[in-house]
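A.B. asks: Have a look at this one.
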Amino acid sequence: GAGVSQSPSNKVTEKGKDVELRCDPISGHTALYWYRQRLGQGLEFLIYFQGNSAPDKSGLPSDRFSAERTGESVSTLTIQRTQQEDSAVYLCASREARPTDTQYFGPGTRLTVL
Amino acid sequence: GQNIDQPTEMTATEGAIVQINCTYQTSGFNGLFWYQQHAGEAPTFLSYNVLDGLEEKGRFSSFLSRSKGYSYLLLKELQMKDSASYLCAGATGGGNKLTFGTGTQLKVEL
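In structure tokens, the structure reads:
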């Protein structure tokens, strides 16, 4: 079946602009995660959704970052007033209901802030 | 807090066996994942260890010792396509969020 999809695959923006990144999880997956991978670094957790609520937002680096999920499906990650240090690959993952289920990753969105 | 450590790079020969180690210090630890990531691609799931011991899956095996905060990924009969980054990740919290190491870049040579 279809895997996790993300759009756009690449985004180049100017410093100070807002961007929206989209994630379509695997159908029926109730949990959704956002991670960030900066060049040469490991993946960093940003936020976790269970259904449409976000019980863990502890990884969001600043109040410029926000995310929402609707219909227990699509999620959008919004970065306001982008900064150069926001440049990274933003990865989305989803899993089925049990926390021990595997997280499946999407291909990511490569964000470049000029 | 959480801290995951793994070697940055390793090189091995086609057909050989390689062991990639991972140590962790983390509270509320639920288990340990290994993912494979080829350059420019999404991480793909390899294994998940919750209990101590060895889990074998074809050419790949993963070991966990919770008391020692230690895991390893064992790759047998190495193939050129195994050249990739191998990510160790600890799962914590009610949602099993993942804390990743920086990844081990494995290069398989002829």
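Going down the list, the sequences are from chains A and B. First residue of the first sequence: 4, per the numbering used here; consecutive thereafter. First residue of the second sequence: 7, per the numbering used here; consecutive thereafter. Backbone N, C-alpha and C define an ideal beta-carbon position, used for all residues, glycine too. Small disclaimer: the values here were computed from a predicted structure and weren't measured.
From which residue to which residue does the beta strand (DSSP E) around glutamine 3 of chain A run?
C.D. replies: Past the edges of chain A, shown from 4 to 117, lies residue 3 of chain A, and the structure says nothing about it.
A.B. asks: Considering only the alpha carbon of each residue, which of A/Thr73, A/Gly54 and A/Pro11 lies closest to alanine 34 of chain A?
C.D. replies: Translated into positions along the first sequence, residue 34 of chain A becomes position 31. If we check each option's Cα against that of alanine 34 of chain A, A/Gly54 comes out closest.
A.B. asks: Count the other CB atoms within 10 Å of the CB of threonine 103 of chain A; is the residue buried (16 or more) or exposed (fewer)?
C.D. replies: Position 100 of the first sequence, counted from the first residue, corresponds to residue 103 of chain A. With fewer than 16 other beta carbons inside 10 angstroms of its own, threonine 103 of chain A counts as exposed.
A.B. asks: Does any residue of chain B bring its CB to less than 7 Å from the CB of threonine 105 of chain A?
C.D. replies: Numbered from 1 along the first sequence, position 102 holds the residue referred to as residue 105 of chain A. Answer yes: the Cβ-Cβ gap between threonine 105 of chain A and chain B drops below 7 Å somewhere.
A.B. asks: Output the distance between the C-alpha atoms of glutamate 15 of chain B and lysine 60 of chain A, rounded to the nearest integer angstrom.
C.D. replies: Position 9 of the second sequence holds residue 15 of chain B. Position 57 of the first sequence holds residue 60 of chain A. Glutamate 15 of chain B and lysine 60 of chain A: Cα-Cα distance of roughly 32 Å.
A.B. asks: Name the chain B residues that come within less than 9 Å of aspartate 59 of chain A, Cβ to Cβ?
C.D. replies: Along the first sequence, read from residue 1 onward, the residue named residue 59 of chain A stands at position 56. Under the 9 Å cutoff, chain B gives Gly99, Gly100, Gly101 and Lys103.
A.B. asks: Name the DSSP bridge partner or partners of valine 77 of chain A?
C.D. replies: Taking the first sequence and counting its residues from 1, the one referred to as residue 77 of chain A is at position 74. Answer is none; valine 77 of chain A lacks a bridge partner.
A.B. asks: Excluding the five sequence neighbours on either side, which residues of its own chain have a C-beta within less than 7 Å of the C-beta of aspartate 88 of chain B, listed in chain order?
C.D. replies: The count along the second sequence starts at 1 and reaches residue 88 of chain B at position 82. Here the set comprises Leu81, Leu112 and Val114.
A.B. asks: Within a Cβ cutoff of 7 Å, which residues of the same chain sit near glycine 62 of chain A, ignoring the five residues on either side of it in sequence?
C.D. replies: Position 59 of the first sequence, counted from the start, is the residue given in the question as residue 62 of chain A. Same-chain partners within the cutoff: Glu47, Phe48, Leu49 and Ile50.
A.B. asks: At 8 Å on the CB atoms, spell out the chain A contacts of tyrosine 54 of chain B, in chain order.
C.D. replies: Taking the second sequence and counting its residues from 1, one reaches residue 54 of chain B at position 48. Per Cβ cutoff of 8 Å: Thr103 and Thr105.
A.B. asks: With a threshold of 7 Å on Cβ separation, who are the neighbours of aspartate 89 of chain A within its own chain once the five nearest residues in sequence on each side are excluded?
C.D. replies: Start at 1 with the first residue of the first sequence, and residue 89 of chain A comes out as number 86. If we look at aspartate 89 of chain A and ignore the five residues flanking it on each side, its Cβ neighbours are Ile82, Leu114 and Val116.
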